[in-house]
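In this note's numbering, the protein residues as written are 27 to 208. Where a beta carbon is used, it is the ideal one built from N, C-alpha and C, also for glycine. First the structure, in the form of structure tokens, and then the observations on it.
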Amino acid sequence: MVLTSENKKTLIDRFKLHDSDTGSPEVQIGLLTHRINYLTEHLKIHKKDHHSRRGLLILVGLLMLAALKVPWLNYEKRLHSSLGNTPGYLRSFLLGAVLPVAWIPCTSWVLGAILMLAATSGTAWQGAYLLAIYSLGLGIPFLVVGFAFSSITPLLRRIHRYSQLVYIVSGVLLLAIGTLIL
Numbered sequence: 027m028v029l030t031s032e033n034k035k036t037l038i039d040r041f042k043l044h045d046s047d048t049g050s051p052e053v054q055i056g057l058l059t060h061r062i063n064y065l066t067e068h069l070k071i072h073k074k075d076h077h078s079r080r081g082l083l084i085l086v087g088l089l090m091l092a093a094l095k096v097p098w099l100n101y102e103k104r105l106h107s108s109l110g111n112t113p114g115y116l117r118s119f120l121l122g123a124v125l126p127v128a129w130i131p132c133t134s135w136v137l138g139a140i141l142m143l144a145a146t147s148g149t150a151w152q153g154a155y156l157l158a159i160y161s162l163g164l165g166i167p168f169l170v171v172g173f174a175f176s177s178i179t180p181l182l183r184r185i186h187r188y189s190q191l192v193y194i195v196s197g198v199l200l201l202a203i204g205t206l207i208l
């Protein structure tokens with residue numbers, strides 16, 4: 027999402043932000059949520075309109091599967107750590123501090139689908155419930171990896187070779203959920 031000068035000025039005025047705050051992850055996620063709400067209202071996606079919700083989930087699933095073949099849909103930049111293989115609390119802290127800032131490619135598709143479902147759910151509590159469950163499902167594995175980083179690293183290297191399969195399964199699950207919503 028690109029911040030236009032008009033959006034930026036509106037954000038700064040409405041939320042009393044400093045100009046440097048608009049690039050923070052919290053503001054970017056807020057903008058993404060705002061855009062999804064805007065699209066659901068302007069595309070006439072009502073809370074009880076299951077066909078539109080199903081169509082959007084299927085679209086997100088197809089885009090997720092297409093990202094495997096279209097390079098510009100699945101771009102990532104990796105930075106290599108100068109810490110080497112030294113385990114410890116500092117490394118775990120740095121990993122935890124950097125991961126929320128880094129936009130994990132597979133997370134953005136699922137987060138977009140969850141935000142779309144939350145925006146079109148019956149109440150704000152239902153949307154909050156969906157986002158809380160998503161956060162737990164994302165956060166608990168990161169906490170486990172953070173606490174046991176030195177002993178779990180070899181396992182993560184073995185699992186990494188199946189990452190494309192996990193990506194495909196996630197896309198297929200989004201397609202299945204989209205078709206099962208009645």
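Of the residues 123, 84, 81, 83, the one whose Cα lies closest to the Cα of residue 168 is 123. Distance between residue 144 and residue 92, taken at the CA atoms: about 24 Å. DSSP, reduced to helix, strand and coil, places residue 149 outside both helices and strands of the structure shown, so it counts as coil. Approximately 6 Å separates the beta-carbon atoms of residue 200 and residue 83; this is inside 8 Å, confirming the contact. When the Cα atoms are used, residue 180 and residue 196 turn out to be separated by approximately 24 Å.
Here the alpha carbons of residue 188 and residue 176 stand approximately 21 Å from one another. The C-beta of residue 114 has fewer than 16 other C-beta atoms within 10 Å across all chains shown, which makes the residue exposed. In this structure, DSSP gives residue 113 a state outside helix and strand, which the three-state scheme calls coil.
With a 10 Å radius around the Cβ and a threshold of 16 neighbouring Cβ atoms, residue 141 comes out buried. By the criterion of a C-beta distance shorter than 7 Å, residue 156 is surrounded in its chain by 140, 143, 144, 147, once the five residues flanking it on both sides are discounted. Excluding its 5 nearest sequence neighbours in each direction, residue 86 has C-beta neighbours in its own chain below 7 Å: 135, 138, 139, 200, listed in chain order. DSSP places residue 183 inside the alpha helix (DSSP H), whose first and last residues are 175-186. Here residue 184 has no same chain residue with a Cβ atom under 8 Å from its own Cβ, once five neighbours each way along the sequence are excluded.
One Cα belongs to residue 166, the other to residue 158, and the distance between them is close to 12 Å. At a Cβ-Cβ threshold of 9 Å, residue 171 and residue 120 do not count as neighbours.
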